[in-house]
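Undergrad: First the structure, which I've put down as structure tokens, then a few questions once you've had a look.
Numbering (this note's numbering), first residue to last: 131 to 573.
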């Protein structure tokens, strides 16, 4: 390919015929601390040891009742994992860490406005808030194991809190990406059969406080037209005690979550032991090829897989500070912001807004301020960061030990920038690929 032809190729369109091979070996320091150092793991996870090899992932979790069959293929293609086992995802992500890590940060929330302080949520604080919300969902909203609830929320701490509260009860959550319209949300409410919608009044994007509650009103109307009524809309407030939306609250349907929670202070809810094959959540595909389709992930198989891949592919340890620059509204966020990292007692970063707001150095300031050492993002974001501030990363004193790219191919020149400039030539990089239906990495 000539230089002239190269210029015309968009970075977003990978020329698959580029035959470039370069080898970048991880440092001795990285290898010394890595979770995957035993070469025998390749033999243990070979086809000769399938499916029993995945017992190694499942044994990273705490079970109420051990399974009797690792994989049941008798009703293909409806394969069943860890049959007979009983487990609770919330217990594995929160409760079991309290003895050792209760004062350790589970999440550090970074609001988009830089003049607002970071919010640290310890595992103990997460436990308290999840329990109180679980009590509200059970007693006020009338939700029980097997019910579906739709969430339409941005990147705020209340989103993982809500997901975990649902998981604690065995309630199946269906999160709709916060940037989707009320129409899209309503279609998903109807398809999932949810009678409760949980949302937020507003959130920041590129410096603007966006009115999000109006989407809930549209969603309820759309859902009702498709035959699914919504009994309650629980509305978190971006600023507790202050309503930041021009959409009026509907009496008898809409409730401020922070107000209702006052009646549930200090209440504890025992996690419900759930069959391993029961659903944890429904995640809808993007709908680019027609009507969005709900992908259902079961508790035992999904949680085992994202915990194992978080440990071995992302090399996550409890002492790490991990930033997945994705949105929880996508499968990446479910698996590698919430469930996988929390199951390993890792500190995760939640950033509300756009990584280039108010300037190209924002992402690297956050990494420096929070001592982030594992960074996970997609080639599209890498290209955006490179375009907006190619020389910004060296200005900051963060140190990544490990970085991943996910979701699409990455051009050699972009990969090199990611390694040399963002990773400062020190971070190991893993290129991952998978899809909503698989729930976790396939590399």
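Even glycine gets a Cβ: it sits at the ideal position worked out from N, Cα and C.
Please read all numbers here as calculations on a predicted model, not as lab measurements.
(1) Smallest Cα separation from residue 165: which of 214, 222, 446?
(2) Could you check where the alpha helix (DSSP H) with residue 314 kicks off and where it finishes?
(3) Check this for me: beta carbons of residue 296 and residue 469, under 8 Å apart or not?
(4) For residue 366, collect the residues of the same chain with a Cβ closer than 6 Å to its Cβ; drop the 5 residues on either side in sequence, then sort them by chain order.
(5) Are the stretch 190-199 and the stretch 433-451 touching, with three or more C-beta to C-beta distances below 8 Å?
(6) Per DSSP, what are the beta-bridge partners of residue 372 in this structure?
(7) For residue 570, which residues of its own chain have a beta-carbon under 7 Å away from its beta-carbon, when the five flanking residues on both sides are left out?
(8) The beta strand (DSSP E) that contains residue 211, what's its start and end?
(9) Are residue 401 and residue 225 closer than 8 Å when you measure CB to CB?
(10) Confirm, please, whether the CB-CB distance from residue 292 to residue 319 is below 8 Å.
(11) From the DSSP output, which residues share a beta bridge with residue 402?
(12) In three-state terms, what does DSSP make of residue 462?
(13) Going by the DSSP bridge assignment, what does residue 467 pair with across the sheet?
(14) Give the range of the beta strand (DSSP E) segment to which residue 426 is assigned.
(15) In whole angstroms, what separates the C-alpha of residue 460 from that of residue 372?
(16) Beta-carbon within less than 7 Å of residue 544's beta-carbon, same chain only, minus the 5 sequence neighbours each way: which residues are those?
(17) Suppose the cutoff is 6 Å on Cβ atoms and the five residues either side in sequence are ignored; what does the same chain contact list for residue 179 look like?
(18) As a quick exercise: from 152, 233, 245, 390, pick the residue whose alpha carbon is nearest that of residue 475.
(19) Can the beta-carbon of residue 235 be found closer than 8 Å to that of residue 250?
(20) Alpha carbon to alpha carbon, what distance is there between residue 155 and residue 358?
(21) Does the beta-carbon of residue 303 have 16 or more other beta-carbons within 10 angstroms, so that it is buried, or is it exposed?
(22) What is the DSSP secondary structure of residue 235, reduced to helix, strand or coil?
(23) Relative to the C-alpha of residue 480, which candidate in 239, 300, 505 has its C-alpha closest?
(24) Compare the Cα-Cα distances from residue 462 to each of 567, 340, 335 and report the closest residue.
(25) In terms of residues, what are the limits of the alpha helix (DSSP H) holding residue 353?
(26) So, for residue 349: in the same chain, excluding its five sequence neighbours on each side, which residues have a beta-carbon less than 7 Å away from its beta-carbon?
(27) Output the boundary residues of the alpha helix (DSSP H) element that contains residue 387.
(28) Measure the alpha-carbon distance for residue 267 versus residue 344 and round it to whole angstroms.
(29) Go ahead and pull the three-state DSSP assignment for residue 452.
(30) Over the uninterrupted beta strand (DSSP E) stretch that includes residue 252, give me the two end residues.
(31) Pull up the distance between the alpha-carbon of residue 257 and that of residue 151, whole angstroms please.
(32) Going by C-alpha distance, which of 398, 325, 220, 426 is nearest residue 294?
(33) Just checking: is the beta-carbon of residue 432 within a distance shorter than 8 Å of some beta-carbon in chain B?
TA: Taking the structure as given:
(1) 446
(2) Start and end: 312-322.
(3) Taking the C-beta atoms as reference points, residue 469 is found no nearer than 8 Å to residue 296.
(4) 288, 330, 387
(5) Result yes; three or more Cβ-Cβ pairs closer than 8 Å.
(6) 369
(7) 435, 436, 439, 465, 564
(8) 210-213
(9) In this structure, residue 225 lies closer than 8 Å to residue 401 by Cβ.
(10) no
(11) DSSP output for residue 402 lists no bridge partner at all.
(12) helix
(13) Residue 467 is not bridged to any residue.
(14) 424-428
(15) 29 Å
(16) 141, 509, 512, 513, 516
(17) none
(18) When 152, 233, 245, 390 are compared, the shortest CA-CA separation from residue 475 is found for 233.
(19) yes
(20) 54 Å
(21) buried
(22) strand
(23) 239
(24) 567
(25) Segment 343-355, the alpha helix (DSSP H) holding residue 353.
(26) 282, 312, 315, 316, 319, 327
(27) Run containing residue 387: 387-390, per the alpha helix (DSSP H) assignment.
(28) CA-CA distance, residue 267 to residue 344, rounds to 22 Å.
(29) strand
(30) Run containing residue 252: 249-252, per the beta strand (DSSP E) assignment.
(31) 47 Å
(32) 220
(33) Among the chains in the structure shown there is no chain B, since it carries only a single protein chain.
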